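Asks:
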Amino acid sequence: MQICDSLSTMEKLRILTDAAKYDVSCSSSGSERANNGRGIGNTVNSGICHAFSADGRCISLLKILFSNECIYDCKYCVNRSSNDVVRTSFTPEEVCNLTMEFYRRNYIEGLFLSSGIIKNPTYTMEQIFIVVRLLREKYNFGGYIHIKGIPGAEPDVIEAIGWYVDRMSINLELPTTEGLKALAPNKTRNNILTPMRQIQNSITNNRLLIEDGRRMLGRREGNLSPATVKENTSLAVADKSIGRFVPAGQSTQMIIGATPETDYQLVTVAEALYRNYNLKRVFYSAFVNVNKDSDLPGMDGSTPLAREHRLYQADFLLRFYGYKAADLLSEDKPHFNTLVDPKCDWALRHLDIFPVEINTADYYTLLKVPGIGVNSANRIVKARKKANLNFDNLKKMGVVLKRALYFITCQGKMMYNTKLDEDYILRNMLDNRIDYRQRLGSEITYRQLSFFDDNNELAYNTITPQGNGIL
Numbered sequence: 000m001q002i003c004d005s006l007s008t009m010e011k012l013r014i015l016t017d018a019a020k021y022d023v024s025c026s027s028s029g030s031e032r033a034n035n036g037r038g039i040g041n042t043v044n045s046g047i048c049h050a051f052s053a054d055g056r057c058i059s060l061l062k063i064l065f066s067n068e069c070i071y072d073c074k075y076c077v078n079r080s081s082n083d084v085v086r087t088s089f090t091p092e093e094v095c096n097l098t099m100e101f102y103r104r105n106y107i108e109g110l111f112l113s114s115g116i117i118k119n120p121t122y123t124m125e126q127i128f129i130v131v132r133l134l135r136e137k138y139n140f141g142g143y144i145h146i147k148g149i150p151g152a153e154p155d156v157i158e159a160i161g162w163y164v165d166r167m168s169i170n171l172e173l174p175t176t177e178g179l180k181a182l183a184p185n186k187t188r189n190n191i192l193t194p195m196r197q198i199q200n201s202i203t204n205n206r207l208l209i210e211d212g213r214r215m216l217g218r219r220e221g222n223l224s225p226a227t228v229k230e231n232t233s234l235a236v237a238d239k240s241i242g243r244f245v246p247a248g249q250s251t252q253m254i255i256g257a258t259p260e261t262d263y264q265l266v267t268v269a270e271a272l273y274r275n276y277n278l279k280r281v282f283y284s285a286f287v288n289v290n291k292d293s294d295l296p297g298m299d300g301s302t303p304l305a306r307e308h309r310l311y312q313a314d315f316l317l318r319f320y321g322y323k324a325a326d327l328l329s330e331d332k333p334h335f336n337t338l339v340d341p342k343c344d345w346a347l348r349h350l351d352i353f354p355v356e357i358n359t360a361d362y363y364t365l366l367k368v369p370g371i372g373v374n375s376a377n378r379i380v381k382a383r384k385k386a387n388l389n390f391d392n393l394k395k396m397g398v399v400l401k402r403a404l405y406f407i408t409c410q411g412k413m414m415y416n417t418k419l420d421e422d423y424i425l426r427n428m429l430d431n432r433i434d435y436r437q438r439l440g441s442e443i444t445y446r447q448l449s450f451f452d453d454n455n456e457l458a459y460n461t462i463t464p465q466g467n468g469i470l
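Dropping the structure here:
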């Protein structure tokens with residue numbers, strides 16, 4: 000392992016931003032952190048002002064590793080200990096200076112900090128703790144901070160970091176215990192799930208404490224308006240030194256395609272994580288064999304991003320549309336149809352409930368219709384209280400009629416004389432599709448933009464199937 004501590008900060012930045020690009024779990028919403036009036040930056044509830052690379056990954060945060068040194072030898076990881084690459088580490092002050100200078104130049108809105116494992120997990124997390132404490136207390140940085148927790152670190156360190164950051168994530172890495180044993184022998188499922196549970200419990204306890212404080216204030220200030228009570232509550236919470244523990248929640252990431260799990264297994268694991276650990280997001284990272292290891296699957300010419308795209312669409316259905324993993328897939332049908340999105344695929348397999356009448360169907364039935372999303376379903380439910388709706392009304396409400404027309408009626412009539420037949424509907428839907436991979440051929444790339452890329456050039460040479468919605 001070639002360790003270079005004498006590199007300049009810019010040389011370290013070039014190495015450690017490139018080393019961080021395979022970690023996609025860097026969402027940045029759900030936190031509200033006001034500036035204290037003496038510092039710089041703030042975080043608002045609606046989230047960070049994002050900038051996205053063309054392959055769909057967030058680049059609005061300064062996304063770096065604290066170090067690419069690592070004592071583990073995970074076969075899929077570019078930073079594994081057996082790889083002959085230049086190793087370096089930032090100092091805590093260097094990370095702080097970079098974050099502040101990038102923020103002042105309006106390049107970023109926050110920090111995403113992960114790391115390889117130096118010496119041991121606890122030592123590495125202690126170094127990261129020094130970074131976040133300096134940013135908050137010395138530099139008065141009020142912007143967004145997302146820290147990647149390292150399984151195996153002492154619970155006290157995890158707890159201490161949680162009071163300074165907006166979001167934490169513990170990467171599940173691989174969805175099954177067998178996959179971890181095969182490709183990441185230094186990690187265990189228990190080591191990963193234990194800090195997840197700790198963070199979940201601390202978030203819950205913190206929220207209960209804050210709610211108790213609000214109730215007490217409400218009883219004392221019962222004659223004040225709700226707005227005043229809310230404002231005073233924030234001050235009271237601050238006065239009592241009740242901080243916010245990981246206010247934006249926690250997330251995780253799974254690598255897909257490195258091990259032979261089916262899509263059904265992946266969405267089932269994701270569903271269990273949402274239900275049992277209250278995760279904000281599960282991210283999916285299409286496997287890329289950067290190490291050319293013989294134990295890893297080769298690239299057979301198919302794009303793993305297509306599968307990743309379908310999993311993100313299914314994840315959206317789990318979180319916002321009321322679907323269950325068992326609704327979307329089963330052991331008999333373990334993989335998503337790559338030709339159509341999961342919602343449309345579900346509708347084609349359940350034609351017995353269609354067409355649905357727009358003017359009478361309940362909200363959750365409307366959500367099952369391809370082309371109708373959460374917003375348009377809400378608009379339909381509100382608007383039809385005043386008048387019967389027609390297809391022109393639906394178009395104005397944002398319904399994608401070219402998808403929905405096969406599954407709905409308005410006042411008992413379909414938009415066109417279409418057949419309720421799976422092959423007929425699928426064939427007509429696919430006629431309007433453009434196969435971007437076939438059109439662009441070898442010009443497609445799958446790598447993430449970095450600070451050192453020519454943005455204009457990459458904007459034209461990189462696309463993603465994630466550009467298509469699930470409606």
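Its first residue numbered 0, the sequence shown is counted upward by one per residue in numbering that gives the first Met the number 0. In this text, a Cβ means the ideal position worked out from N, Cα and C, and glycines have one as well. Values in this document were obtained by computation on a predicted structure and should not be read as measured data.
Taking C-alpha atoms, which residue in LYS323, SER113, SER5 and LEU173 lies nearest to GLU260?
Replies: Looking at the Cα atoms, LEU173 is the closest of the given residues.
Asks: Under the three-state reduction of DSSP, which class applies to GLN410: helix, strand or coil?
Replies: Here GLN410 sits in coil by DSSP.
Asks: To the nearest angstrom, report how far apart THR8 and GLY142 are at their CA atoms.
Replies: Computed Cα separation, rounded: 22 Å.
Asks: May I have the straight-line CA-CA distance separating SER329 from TYR263, to the nearest angstrom?
Replies: Near 6 Å, if we compare the C-alpha coordinates of TYR263 and SER329.
Asks: Go through the region 370-431 residue by residue and report every complete run of the alpha helix (DSSP H) that reaches 4 residues or more, in order.
Replies: Those alpha helix (DSSP H) runs which fall completely within the region 370-431 and span 4+ residues are 373-382, 390-395, 400-403 and 421-429.
Asks: Residues in its own chain within less than 7 Å of THR121 by CB, not counting five upstream and five downstream?
Replies: Same-chain partners within the cutoff: ALA152, GLU153 and VAL156.
Asks: Suppose the cutoff is 7 Å on Cβ atoms and the five residues either side in sequence are ignored; what does the same chain contact list for PHE319 look like?
Replies: Excluding sequence neighbours, PHE319 sits near VAL373.
Asks: Taking only the alpha-carbon atoms, compute the straight-line gap between LYS74 and ARG348 and give it to the nearest angstrom.
Replies: If I take the Cα positions, the gap works out to 39 Å.
Asks: Does the separation of the CB atoms of PHE473 and ALA257 fall below 7 Å?
Replies: Lying before the first or after the last residue shown, residue 473 is absent from the chain, which here runs from 0 to 470.
Asks: Here's the rule I'm using: 16 or more other beta-carbon atoms within 10 Å means buried, otherwise exposed. How should SER293 be labelled?
Replies: So SER293 counts as exposed.
Asks: Specify whether the region 86-98 and the region 130-144 touch according to this definition: at least 3 beta carbon pairs, one from each stretch, less than 8 Å apart.
Replies: At 8 Å Cβ cutoff, the stretches touch.
Asks: Any idea which residues DSSP pairs SER80 with across the strands?
Replies: Answer is none; SER80 lacks a bridge partner.
Asks: Quick check: what's the CA-CA separation for LYS20 versus LYS385?
Replies: Between LYS20 and LYS385, the C-alpha separation is close to 51 Å.
Asks: Tell me the DSSP secondary structure of SER441 in three-state form.
Replies: Because the pLDDT at SER441 is just 42, under 50, the model does not fix this residue reliably, and the value given afterwards should be weighed accordingly. Here SER441 sits in helix by DSSP.
Asks: Return the residue from the list GLY411, PHE315, LEU316 and LYS401 that minimises the CA-CA distance to ALA360.
Replies: Nearest option by C-alpha distance: GLY411.
Asks: What are the partner residues of LYS147, as DSSP defines its beta bridges?
Replies: Per DSSP, SER168.
Asks: Which residue's Cα is closest to the Cα of ASN96: GLY109, CYS76 and VAL85?
Replies: Nearest C-alpha to ASN96: GLY109.
Asks: If you draw a straight line from the alpha carbon of PRO333 to that of ASN82, how long is it in whole angstroms?
Replies: PRO333 and ASN82: Cα-Cα distance of roughly 35 Å.
Asks: Residue range of the alpha helix (DSSP H) that ALA19 falls in?
Replies: Where ALA19 is concerned, there is no enclosing alpha helix (DSSP H), given that its DSSP letter is neither H nor E.
Asks: Three or more C-beta pairs under 8 Å: does that hold for the region 202-214 against the region 103-117?
Replies: No: the two stretches stay apart, fewer than three of their Cβ pairs being nearer than 8 Å.
Asks: DSSP state of VAL287, grouped into three classes?
Replies: Coil at VAL287, not helix or strand.
Asks: Which residues in the same chain have their Cβ closer than 6 Å to the Cβ of SER375, if we skip the five residues on either side of it in sequence?
Replies: Within the same chain, SER375 has close Cβ partners MET396, GLY397 and VAL398.
Asks: Quick test of your reading: ILE198 and VAL266, contact by CB under 8 Å. State the CB separation rounded to the nearest angstrom.
Replies: Incorrect: roughly 23 Å between the Cβ atoms, too far for contact.
Asks: Where in the region 233-279 do unbroken runs of the beta strand (DSSP E), each at least 3 residues long, occur, reported from the N-terminal end onward?
Replies: The region 233-279 contains these whole beta strand (DSSP E) runs: 249-255.
Asks: Determine the extent of the beta strand (DSSP E) in which LEU134 is found, giving its start and end residues.
Replies: Looking at the DSSP string, LEU134 is not in any beta strand (DSSP E), and its letter there is neither H nor E.
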